[in-house]
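Here's the structure, in structure tokens; my notes come after.
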Amino acid sequence: MLSGVTMLIYALIDPRTKQIRYIGKTVRTAHRRLRRHVARCYLEADHTHKNRWLRQLIAAGLEPEIEVLEICSSPVDLCEAERFH
Numbered sequence: 040m041l042s043g044v045t046m047l048i049y050a051l052i053d054p055r056t057k058q059i060r061y062i063g064k065t066v067r068t069a070h071r072r073l074r075r076h077v078a079r080c081y082l083e084a085d086h087t088h089k090n091r092w093l094r095q096l097i098a099a100g101l102e103p104e105i106e107v108l109e110i111c112s113s114p115v116d117l118c119e120a121e122r123f124h
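Using the working numbering, read the sequence shown as starting at 40 and increasing by one per residue.
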């Protein structure tokens, strides 16, 4: 770890189907990253598949589940793990 920084690979999961819909990486907590995805899906001008999916969930009164897939010990490992997953 770098100075106590947690490096995570995570999945956003559709609560209706339990299918993984997005894989990402973060140096924050999983909960904080989820909150940021939800908040930003309305702010970003791009209409990505992920943002459309998040808006659809929120409109239905749902939010994605987040699952930590891997904890990494270096930035290089983090990038490699994201590509793997």
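For each residue, glycine too, the CB sits at the ideal point set by N, CA and C.
Note that this is a predicted model, so its numbers are computed, not measured.
- Here the C-alpha atom of tyrosine 61 lies approximately 10 Å from the C-alpha atom of proline 103.
- In terms of Cβ geometry, valine 66 and threonine 45 form a close pair [threshold 8 Å].
- Burial of isoleucine 105 is indicated by the presence of at least 16 other C-beta atoms within 10 angstroms of its C-beta.
- In the three-state reduction of the DSSP assignment, lysine 64 falls in the strand class, which pools E and B.
- Residue pairing by DSSP places tyrosine 49 opposite Gly63 and Val107 in a beta bridge.
- Going by DSSP, alanine 120 is part of the alpha helix (DSSP H) stretching over 114-123.
- Per DSSP, histidine 86 lies in no alpha helix (DSSP H) and is assigned neither H nor E.
- Between histidine 76 and leucine 51 a beta carbon distance of about 7 Å is seen, short of the 8 Å cut, so the two are scored as contacting.
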